[in-house]
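Visitor: Take this structure first; my questions come after.
In UniProt numbering, the protein residues as written are 1 to 363.
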C-alpha cells in the first residue's frame with residue numbers, strides 16, 4: 001500500500017494571525033518602515049539611487065570612502081537590532097534608542113559616539129489661561145562612526161529633512177564626514193531652543209503685565225503652569241551643556257578640529273538659551289510672590305469693607321436690642337416721638353460712620 005505523504009501541521013489561529021512559524025516568536029516589522037531617509041555620501045555628494053541600510057553600508061565599503069546617513073523615526077526593538085547588526089552598535093545604545101526618555105548625554109563606545117538631544121516645541125495658544133501645555137518635548141539620538149551616522153528621532157516635531165537638504169547643498173561642509181552631520185543636528189536642536197525661548201518670552205511678558213495691572217485678577221495657577229513648562233524646558237536644555245563642552249574641549253576627542261570650531265558656536269547659543277531660561281524662572285518666581293501679595297492686599301481690602309458695614313449695621317442692632325428689653329421704666333418709652341427720635345439717631349450715626357469710612361477709603 002503506498003505511503004500517504006504527511007500534511008504540514010496547521011498552526012493555531014493565533015499563529016496564523018501573527019504570521020509566525022514559531023508560536024513563541026513575534027512579528028518583525030520591516031526596518032524600512034522606520035527609515036525616513038538613507039543616503040550614501042562621497043566627497044560631500046550624495047550618490048544617486050535608493051538604498052537600504054545594508055546596501056548603503058555595502059556601497060561605502062565597496063567605494064572605500066564616504067559615509068552612510070540613516071534617519072529613523074521611533075524604531076522598535078527589532079528594527080533597531082537590524083540596524084545595530086549592520087553598523088556594529090552596542091546593545092546598550094540600542095536599548096536607549098528604543099526606549100527613549102533619556103537625559104541629554106554623550107557616550108563613547110569604542111569608535112562610536114552616542115549623543116542624546118532633547119527636542120522642544122512651542123505649542124501655540126491664545127493665552128496661558130486657556131492653555132494646558134506650552135512646551136512639548138521629544139528626543140533625537142545620533143550615532144556617529146567612522147563611516148556612518150545614524151539619527152533616531154522620537155516625537156512628531158523637529159524633523160531633520162531640512163537639515164539633510166541644507167547639508168546636501170553645502171558640499172564643503174558635508175565633505176568633512178559624519179561629524180559634520182553631528183554638528184548640523186546639534187545646531188538645529190539648539191536653534192529650536194532659541195525659537196522656543198523667544199516665544200515663551202511673550203507669555204512671560206504678558207503674564208507680568210497682567211499681574212501688575214491695577215484692576216486685573218490673575219490666578220496663581222496660570223503662573224504655576226507657565227513655571228512648570230519653564231522647568232520642563234530647563235530639564236531638556238541645561239544637561240546638554242556638558243556634552244557640548246566635551247565635544248569642543250575633551251582630550252582625545254575624535255571630532256575633527258574644523259568641526260570643533262562650529263561646536264563652539266553651538267555652545268555659545270546653548271549658553272544664551274540657558275541664561276534666558278534662568279531669567280524666566282526668576283521672573284516667574286517673582287510673579288508668584290507678587291500675585292500672592294496682591295491676593296493678600298485684596299483680602300485685606302475686602303475685610304475692611306466687611307468690617308465697615310458690620311460696624312454700621314451694629315448701630316441699629318444695638319439700639320433695637322436696648323429698647324427690646326421690655327422694662328416698664330425706660331426713658332422715652334412712652335414718649336410720643338420716641339420712635340421717630342430713635343430712627344433719627346440710628347440714621348445719623350449710620351450716615352456719620354459711612355462718611356468716616358468712605359473718607360478713610362474703607363468703603
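Just so it is clear, CB atoms sit at the ideal spot from N, CA and C, and this is done for glycine as well. No experiment lies behind these values; they were computed from the predicted model shown.
Can you grab the Cα-Cα spacing for the pair residue 204 / residue 276, in whole Å?
Guide: For this step, residue 204 is matched to residue 204 along the chain shown. For this step, residue 276 is matched to residue 276 along the chain shown. Cα to Cα, the separation comes out at about 11 Å.
Visitor: So residue 256 and residue 176 are supposed to be a Cβ contact under 8 Å. How far apart are they, rounded?
Guide: Position 256 of the chain shown, counted from the first residue, corresponds to residue 256. Position 176 of the chain shown, counted from the first residue, corresponds to residue 176. Confirmed, Cβ separation roughly 6 Å.
Visitor: Going by DSSP, name the residue or residues bridged to residue 143.
Guide: Position 143 of the chain shown, counting from 1, holds the residue named residue 143. Beta-bridge pairing links residue 143 to 114 and 150.
Visitor: Would you check if the region 332-348 and the region 296-303 touch, i.e. whether three or more CB-CB distances between them fall below 8 Å?
Guide: At 8 Å Cβ cutoff, the stretches do not touch.
Visitor: By the 10 Å Cβ neighbour count, where 16 or more other Cβ atoms means buried, how is residue 416 classified, buried or exposed?
Guide: This structure cannot settle anything about residue 416, because the visible part of the chain is limited to 1 through 363.
Visitor: Between residue 38 and the rest of its own chain, which residues show a CB-CB distance below 6 Å, the 5 nearest in sequence each way excluded?
Guide: Translated into the one-based positions of the chain shown, residue 38 becomes position 38. Same-chain partners within the cutoff: 51, 53, 56 and 70.
Visitor: Which residue's Cα is closest to the Cα of residue 147: 129, 113 and 299?
Guide: What you label residue 147 is simply residue 147 of the chain shown in a count that begins at 1. Of 129, 113 and 299, the residue nearest in Cα terms is 113.
Visitor: Since residue 135 and residue 240 are thought to touch, with beta carbons under 8 Å apart, how far apart are those beta carbons, to the nearest angstrom?
Guide: Taking the first residue of the chain shown as 1, we reach residue 135 at position 135. Taking the first residue of the chain shown as 1, we reach residue 240 at position 240. That pair is no contact at about 15 Å.
Visitor: Is the separation between the beta-carbon of residue 160 and that of residue 44 shorter than 9 Å?
Guide: One-based indexing of the chain shown puts residue 160 at position 160. One-based indexing of the chain shown puts residue 44 at position 44. Result no, Cβ atoms of residue 160 and residue 44 do not sit closer than 9 Å.
Visitor: Who are the near neighbours of residue 244 in its chain, counting only those whose CB is closer than 8 Å to its CB and skipping five residues on each side?
Guide: The count along the chain shown starts at 1 and reaches residue 244 at position 244. Hits under 8 Å: 186, 263, 266, 267 and 270.
Visitor: Name, in chain order, the residues that DSSP records as bridge partners for residue 233.
Guide: Locating residue 233 in the chain shown gives position 233, counting from the first residue. DSSP lists no partner for residue 233.
Visitor: Please report the residue range of the beta strand (DSSP E) in which residue 67 lies.
Guide: Along the chain shown, one-based indexing puts residue 67 at 67. Taken as a continuous stretch (DSSP letters only), the beta strand (DSSP E) holding residue 67 covers 67-73.
Visitor: Rank 96, 67, 343 and 58 by C-alpha distance to the C-alpha of residue 40 and give the top, closest one.
Guide: Here residue 40 is taken as the residue at index 40 of the chain shown, counted from 1. The option with the nearest alpha carbon to residue 40 is 67.
Visitor: Using three-state DSSP, classify residue 271 as helix, strand or coil.
Guide: As a first step, residue 271 must be located in the chain shown, where it is residue number 271. In the structure shown, residue 271 sits in a helix (DSSP, three-state: H, G or I).
Visitor: May I have the straight-line CA-CA distance separating residue 254 from residue 212, to the nearest angstrom?
Guide: The sequence position of residue 254 within the chain shown is 254, counting from 1. The sequence position of residue 212 within the chain shown is 212, counting from 1. Straight-line Cα distance between these residues: approximately 53 Å.
Visitor: List the DSSP bridge partners of residue 37.
Guide: Counting from 1 along the chain shown, the entry for residue 37 is found at position 37. BP columns for residue 37 point to 71.
Visitor: Between residue 72 and residue 216, what straight-line distance do the alpha-carbon atoms span, to the nearest angstrom?
Guide: Looking up residue 72 in the chain shown gives position 72. Looking up residue 216 in the chain shown gives position 216. Cα-Cα distance, rounded: 49 Å.
Visitor: Classify residue 330: buried if its beta carbon has 16 or more other beta carbons within 10 angstroms, exposed otherwise.
Guide: Within the chain shown, the letter at position 330 stands for residue 330. It counts as exposed.
Visitor: Between residue 184 and residue 169, is the Cβ-Cβ spacing less than 9 Å?
Guide: Your numbering for residue 184 matches position 184 in the chain shown. Your numbering for residue 169 matches position 169 in the chain shown. No, these two residues do not count as a Cβ contact at 9 Å.
Visitor: Starting from residue 179, trace the alpha helix (DSSP H) both ways and give me its first and last residue.
Guide: For the purposes of this step, residue 179 is taken as residue 179 along the chain shown, with counting starting at 1. Unbroken alpha helix (DSSP H) run through residue 179: 178-212.
Visitor: Please classify residue 337: does DSSP put it in a helix, a strand, or coil?
Guide: Here residue 337 is taken as the residue at index 337 of the chain shown, counted from 1. Coil, per DSSP.
Visitor: So, do the region 279-293 and the region 218-225 have three or more beta carbon pairs nearer to each other than 8 Å?
Guide: Segments in contact, yes.
Visitor: Would you mind stating whether residue 308 and residue 357 have Cβ atoms separated by less than 9 Å?
Guide: Residue mapping note: residue 308 aligns to position 308 of the chain shown, counting from 1. Residue mapping note: residue 357 aligns to position 357 of the chain shown, counting from 1. In contact: residue 308 and residue 357 (Cβ atoms closer than 9 Å).
Visitor: If you draw a straight line from the C-alpha of residue 349 to the C-alpha of residue 362, how long is it?
Guide: Numbered from its first residue, the chain shown carries residue 349 at position 349. Numbered from its first residue, the chain shown carries residue 362 at position 362. Each residue's Cα considered, the two are about 17 Å apart.
Visitor: In chain order, what residues of the same chain have a beta carbon less than 6 Å from the beta carbon of residue 36, not counting five sequence neighbours either side?
Guide: Looking up residue 36 in the chain shown gives position 36. So the qualifying residues of the chain are 71 and 73.
Visitor: For residue 328, count the other beta carbons within 10 Å of its own beta carbon; 16 or more makes it buried, fewer makes it exposed. Which is it?
Guide: Start at 1 with the first residue of the chain shown, and residue 328 comes out as number 328. Burial call: exposed.
Visitor: Which residue wins for smallest C-alpha separation from residue 194, given the options 206, 123, 48 and 237?
Guide: On the chain shown, position 194 is the one that residue 194 refers to. Checked all of 206, 123, 48 and 237; the closest Cα to residue 194 is 237.
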